[in-house]
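Participant: Residue numbers (this note's numbering), protein chains in the order written: chain A, 1 to 186; chain B, 1 to 186.
The beta-carbon is built from N, C-alpha and C at its ideal position, and this holds for glycine as well.
For clarity, every value in this text was computed on a predicted model and none was experimentally measured.
Got a structure for you, questions after.
2 protein chains.
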Amino acid sequence: MAAFIRNIPDGDNRERSVCSDCGFIAYENPKVVVGSVIVERGEVLLCRRAIDPRRGFWTLPAGFLELGETDEEGAAREAWEEAEARIEIDGLLGIFSISRIGQIQLIFRARFAGAAAFAPGSESLEVALFPWNAIPWDTIAFPSVHWALDAWHRIGAGPLGPPARNPANDPRGTGRLERSPEDRPA
Amino acid sequence: MAAFIRNIPDGDNRERSVCSDCGFIAYENPKVVVGSVIVERGEVLLCRRAIDPRRGFWTLPAGFLELGETDEEGAAREAWEEAEARIEIDGLLGIFSISRIGQIQLIFRARFAGAAAFAPGSESLEVALFPWNAIPWDTIAFPSVHWALDAWHRIGAGPLGPPARNPANDPRGTGRLERSPEDRPA
C-alpha cells in the first residue's frame, strides 16, 4: 500500500511528505487565518467557542482562508459563520505571525453592514458586544486575540496606519497563554 | 488501493479531498508568499527567473512561506536564496490577495544589511539593481510585481502607512498579464 515518506525532492532544499508509490509531494505550508474586530458604538463583538481547541473561551470571529476567496471575503464569511454578522471592512488592523502553529493572521477592523444584528453560529456558544472594560480577559482563547484587541484599543475609530505586528515579548509567535487548553471556564 | 475522493466531512461545509481508505482529510488552503522590495540608493533589486513559470522574466525575491518561520524570516530567506542578499526589513509595503491561484502575498520594504552585495541564486538567471525609469516593464513576471513596485514608487523612502492592497482594476486578484507564460523574452 502507498505510504508517505519524508524526502527532499529534486530542486528543493527541505524534507517534504512524498508518496512512496506515485511520487506525489504533499507540500505543507503555513495557513492564513482571517478575522475581524467588529466595532459597534465603541463595543467589540466576541464569540464564545463551541469547539475545541479552547471550547468555552472567547475569541474574535476568525478562521482559515479558503481557496477562491480574498482575505476580506474570508473575514466576512467567518463573521457570518461564527456570529451571523454581516460586516463592512475598514482595513487591516493587525498582521500576526504565529510560527509555533504555522499561521499568518490577518485581522481587519470592521463594522456592521446595517443594523447591529448577530447570533451564535454553529461554532459559537454565545456572541456578545463588550465595552473595553468588560472584556472577559480571564477567558480569552488565544494570545493573538489579546494582540488584536490591544491594537484596536490603541487606535479606536481613528485612521488605520501600519498594521499592528506581534508584540515585543513574542516576536515569533511561540508563546502560549498560561491557562492550559483543558482548563475550561465553567 | 487508497484513493482520494471529494467529500464534505462531518462538521464542515465544503468539499475536501478525503482518503477513501483511512479517512485522512487533505485540507487545501491558500498559501502565503513573502517577498521584498530591496532598495539601495533609490534603486530596486530584481531577479530574472531561471525557473517556470515565467522563466526569463523579472520578479522580486519572493516565495512560499515555510512552516516554522515568521513572515519576515521567510522574506529574508527568499532574498538570500534567490539573490544572495542579506537584508533588513523596514515594514509591510503591500498585502495582495491573488484569489485566482490561492495566494496571499506579503511584500516588505527592505534594505541591504551592510554593503549592497548580491548574486544570482539557483532560481535566478541574473540579479540587478534598477532605477525606477530603467525597470524592464515589458518583461515583469507577475501583476503583483507591478503592484509592489507601484506601492514603492508612491512612498519611496517615506514612512510606511497602511499597506498597499490590490489595485482597483483587480480587487480579487483574478487578472493575468497580457503576455502568455510561453512568450519568453529572448
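Please say whether residue 32 (chain A) and residue 65 (chain A) have beta carbons closer to each other than 7 Å?
Facilitator: Their beta carbons are under 7 Å apart, which means residue 65 (chain A) touches residue 32 (chain A) by this criterion.
Participant: Is there a Cβ from chain A that is less than 7 Å from the Cβ of residue 175 (chain B)?
Facilitator: So, not an interface residue.
Participant: Inspect the beta-carbon positions of residue 108 (chain A) and residue 95 (chain A) and report whether they are closer than 7 Å.
Facilitator: The answer is no: Cβ separation not under 7 Å.
Participant: Within the 7 Å Cβ cut-off, does residue 68 (chain A) reach chain B?
Facilitator: True, the Cβ-Cβ gap to chain B drops below 7 Å.
Participant: Under 8 Å Cβ to Cβ from residue 69 (chain A), same chain only, skipping five residues before and after it: list those, please.
Facilitator: Taken in chain order, the residues that qualify are 77.
Participant: So for residue 35 (chain B), helix, strand or coil by DSSP?
Facilitator: Reduced to three states, the DSSP call for residue 35 (chain B) is strand.
Participant: Under 7 Å Cβ-Cβ, which residues of chain A neighbour residue 99 (chain B)?
Facilitator: 68, 69, 70, listed in chain order.
Participant: Give every residue of the same chain whose Cβ lies closer than 6 Å to the Cβ of residue 116 (chain A), excluding the five residues on either side of it in the sequence, and list them in chain order.
Facilitator: Answer for residue 116 (chain A): 40, listed in chain order.
Participant: Listed in chain order, which residues of the region 30-47 of chain A have Cβ atoms closer than 8 Å to some Cβ of chain B?
Facilitator: If the cut-off is 8 Å between Cβ atoms, the region 30-47 of chain A has 30, 31, 32 near chain B.
Participant: State yes or no: is the beta carbon of residue 160 (chain A) nearer than 7 Å to at least one beta carbon in chain B?
Facilitator: With 7 Å as the cut-off, residue 160 (chain A) counts as an interface residue toward chain B.
Participant: Can you tell me whether residue 181 (chain A) is helix, strand or coil according to DSSP?
Facilitator: Bear in mind that the predicted position of residue 181 (chain A) carries a pLDDT of just 48, short of 50, making it unreliable; the figure below should be weighed with that in mind. The answer is coil: DSSP assigns residue 181 (chain A) none of H, G, I, E or B.
Participant: Can you find a C-beta in chain B that's less than 7 Å from the C-beta of residue 125 (chain A)?
Facilitator: No, no contact with chain B.
Participant: Ordered along the chain, which non-local residues of its own chain (more than five positions away) have a Cβ less than 8 Å from that of residue 181 (chain A)?
Facilitator: Residue placement at residue 181 (chain A) cannot be trusted, given a pLDDT of 48 that sits under 50; what the coordinates show is reported in the next sentence. Closer than 8 Å at Cβ, skipping near neighbours: 52, 53, 54.
Participant: Which residue marks the beginning of the beta strand (DSSP E) containing residue 94 (chain A), and which one marks its end?
Facilitator: Per DSSP, residue 94 (chain A) belongs to the beta strand (DSSP E) from 87-98.
Participant: Let me know the beta strand (DSSP E) ranges lying completely inside the region 70-156 of chain A, each 3 residues or longer, listed in chain order.
Facilitator: Fully enclosed beta strand (DSSP E) runs of 3 or longer: 87-98, 103-112, 124-131.
Participant: Under the three-state reduction of DSSP, which class applies to residue 20 (chain A): helix, strand or coil?
Facilitator: Note: residue 20 (chain A) maps to coil in three-state DSSP.
Participant: Quick one: does residue 77 (chain B) have its CB under 7 Å from some CB of chain A?
Facilitator: No, its Cβ sits nowhere closer than 7 Å to a Cβ of chain A.
Participant: Kindly give me the distance between the Cβ atoms of residue 45 (chain B) and residue 75 (chain B), rounded to whole angstroms, as I take these residues to be in contact under 8 Å.
Facilitator: Wrong, their Cβ atoms sit about 13 Å apart, outside the cutoff.
Participant: Would you mind giving the Cβ-Cβ distance between residue 97 (chain A) and residue 49 (chain A), rounded to the nearest angstrom? I have them listed as a contact below 8 Å.
Facilitator: At roughly 22 Å, the Cβ-Cβ gap does not stay under 8 Å, so residue 97 (chain A) and residue 49 (chain A) are not in contact.
Participant: Closer than 7 Å by C-beta to residue 7 (chain A): which residues in its own chain qualify, once you throw out the five before and the five after it? Chain order, please.
Facilitator: Within the same chain, residue 7 (chain A) has close Cβ partners 15, 16, 18.
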